[in-house]
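Asker:
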Amino acid sequence: MTGFLEDASFNQSPAFGDVDLFSADKPLSEAAARCGLDAKALAACGKDYGSAETLDLGRVANENPPRLRTMDGKGNRIDFVEFHPAYHALMAKSIGWGIHSGAHDGSEPNAPLTSRAVRLYLATQAESGHLCPITMTHACIGALKSEPDVLAKWQAKIVSREYDKRALPWWEKAGVTLGMGMTERQGGTDVRANITEAALHGDHVEISGHKWFMSAPMCDAFLVLAQAPGGLTCYLMPRYRPDGSQNAIRFQRLKDKLGNKSNASSEVEFHGAWAERIGAEGQGVRTIIEMVNLTRLDCAIASAGQMRFGLSQALNHIRNRSVFQKRLADQPAMRAVVADIALELEAQIALVFRLAHAIDKGETAYARLLTPAVKFLICKSTPHAVYESLECLGGNGYTEDLPMARLYREAPLNAIWEGSGNVMALDVLRAAGRAPDATMETVGALVRTAGQAFDVRRLAAALEKTLKSPDAERRARFLCEGLARLAALAALAEANSPFATLYGDARLTGFPFSQYGAADLGASEAALLDRALAA
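Sequential numbering from 0 applies to the sequence shown in numbering that gives the first Met the number 0.
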């Protein structure tokens, strides 16, 4: 041994891959069992997305981002986005697993939304960007239900499990994907300030205007918002007009984003683009919110998956790396940090799949109040947890050779898309104001369930006081996070989790320290670590 680089091949953690992401994740597999899901099928999905080959597709798709070609060599407008084959391979895989369709196509007789949510959680660990069109295609049916004739015309293509990347009119394709465009340059979240206009032309409209963010521009159609004489209205805008000619959708450029590099997000103009109305005129927000609520749930599911993947990388490293003659996993300070992240993930998995199952079961009041709160908590917790997981790998975690740098750039996104933190907090207030009796009944049920594991009376009283306060909007984030924490504790208690009381003690009382590893988890550390990534 000479002391050169190649001589230092010992004491290295192995590459993470060829792992059954479902079976190795005990909080996830137990949540699936509580909902009566098919563990064998989900394990096959977990092995597919955890394979070294699939994980490498995620790397390649992000190292080779999409490119916009507005014109061909002759100067003809084509508005075409080119993707790397790795992206297309991931799209084919996720459509093959029915992540876009499983909640709607009758293939999942038992808890279809929840089963599909597990597959999304697994897929996002391999690569998150390609899931943007997948989740929008899944969610679009929520809006299209308001126009049954249109839905009937499109549904077979939407739920098809054959990925068809060709740029053709939708009726000529084996399967389609759908996107949406809501926000404009001058308004952003305030979509009622939109200036894009729809002009009636017989049985359709022609839309002129722009969208500042329209992701997945190679989708076959988009749900867009535009101003009609009766107010803001939702429309379905296909890539091709009914005569087969290209619709007047002009992509200006692709966004240069912090992360999410595999996915194309565009700035776009409509120059009299053909579209048909979805829902009643003037009811655009009410129509498209059915789609938005489903995409918000997906943001929470995907963020939990990202947190889990980051924790997996940390555990894989600390179990195989020694420092000062002792494995990192046996060093008390390191165990405290990683176990604390594992505790957070235990709660968030229980919470997000409790929410998905509530939607499956028709628990409307629970879902309406908690969807924005759950998105707020999970999506805003993930960047911190991912960072701490990255730090567990030391300097290697900060390099582009390993997946943590890409994951870290991806982590803030879901907290921004489909409504940022303040939007979610205000939406909780709005939901509570519209249905105060149902809200208090839901909160009361959460308090009773959570109270089986931990004394939440102080938190419950603070939440109720805030809800009734004239200062509620200023305290909206406290209310939103407090409600989500209460629901997480209730989900753990309902699942008979051995960590429910520990979660209450670590997150709802004690000193106001927010860094992972500050909580005293005592003898529970070993169990939390073993469950997070089982051998």
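From the three backbone atoms N, C-alpha and C, an ideal C-beta is built for every residue, glycine too.
The model shown is predicted, which means the values in this text are computed figures rather than measured ones.
What whole-angstrom Cβ distance do LEU54 and GLY16 have, given they're in contact under 8 Å?
Answerer: In this structure, LEU54 and GLY16 form a Cβ contact; the two beta carbons are roughly 5 Å apart against a cut-off of 8 Å.
Asker: When DSSP labels each residue in this structure, what does LEU150 get in the three-state scheme?
Answerer: When DSSP states are grouped into helix, strand and coil, LEU150 belongs to the helix group.
Asker: Indicate the three-state DSSP secondary structure (helix, strand or coil) for TRP170 in the structure shown.
Answerer: helix
Asker: Counting only runs of 4+ residues fully inside the segment 473–510, write out the alpha helix (DSSP H) ranges in chain order.
Answerer: 475–493, 499–507
Asker: For GLN305, count neighbouring Cβ atoms within 10 angstroms of its own Cβ and tell me buried if that reaches 16, exposed if not.
Answerer: buried
Asker: Exposed or buried, GLU409, counting other C-beta atoms within 10 Å across all chains shown (16 or more means buried)?
Answerer: Taking all protein chains shown into account, GLU409 has 16 or more neighbouring C-beta atoms within 10 Å of its C-beta and is therefore buried.
Asker: Determine, for GLU480, whether the minimum Cβ-Cβ distance to residues of chain D falls below 7 Å.
Answerer: In summary, chain D is missing from the structure at hand, where a single protein chain is found.
Asker: Using only alpha-carbon positions, find the residue among GLU161, GLN245, MET236 that is nearest to GLY178.
Answerer: Cα-wise, what sits closest to GLY178 is MET236.
Asker: So, is PRO132 buried or exposed, given that buried needs 16 or more other C-beta atoms within 10 angstroms?
Answerer: buried
Asker: Figure out for me which residue from PRO13, GLU493, LEU478 has the closest Cα to the Cα of LEU428.
Answerer: The residue with the shortest Cα to Cα distance from LEU428 is LEU478.
Asker: Find out if the Cβ-Cβ distance for the pair GLY418, ASN262 is shorter than 7 Å.
Answerer: no
Asker: Using DSSP bridges, identify the partner residues of LYS210.
Answerer: VAL267
Asker: Quick check: LEU445 and LEU485, are their CB atoms within less than 7 Å of each other?
Answerer: yes
Asker: Buried or exposed: which applies to LYS379, given that a residue is buried once 16 or more other Cβ atoms fall within 10 Å of its Cβ?
Answerer: Under a 10 Å Cβ-count criterion, LYS379 is classified as buried, with 16 or more other Cβ atoms of the shown protein chains found around its own Cβ.
Asker: With H, G and I counted as helix, E and B as strand and the rest as coil, what does DSSP make of ALA14?
Answerer: For ALA14, the secondary structure class from DSSP, reduced to helix, strand or coil, is coil.
Asker: Are the CB atoms of ALA384 and LEU527 within a distance shorter than 7 Å?
Answerer: no
Asker: Does the count of Cβ pairs from the segment 179–197 and the segment 158–165 closer than 8 Å reach three?
Answerer: no
Asker: With burial defined as no fewer than 16 other Cβ atoms inside 10 Å of the residue's Cβ, what is the status of GLY361: buried or exposed?
Answerer: exposed
Asker: In its own chain, which residues sit with a C-beta less than 7 Å from the C-beta of HIS356, not counting the 5 before and 5 after it?
Answerer: CYS34, ALA110, THR113
Asker: Between which two residues does the beta strand (DSSP E) carrying ILE248 extend?
Answerer: 248–253
Asker: If contacts are defined as beta-carbon pairs under 8 Å, then CYS139 and LEU222 qualify, I think. What distance do you get, rounded to the angstrom?
Answerer: 6 Å
Asker: For the pair the segment 61–77 and the segment 140–150, tell me if three or more CB-CB distances fall below 8 Å.
Answerer: no
Asker: From VAL539 to SER264, what does the alpha carbon distance come to, in whole angstroms?
Answerer: Because the chain is modelled from 0 through 534, residue 539 falls outside the range shown and cannot be assessed.
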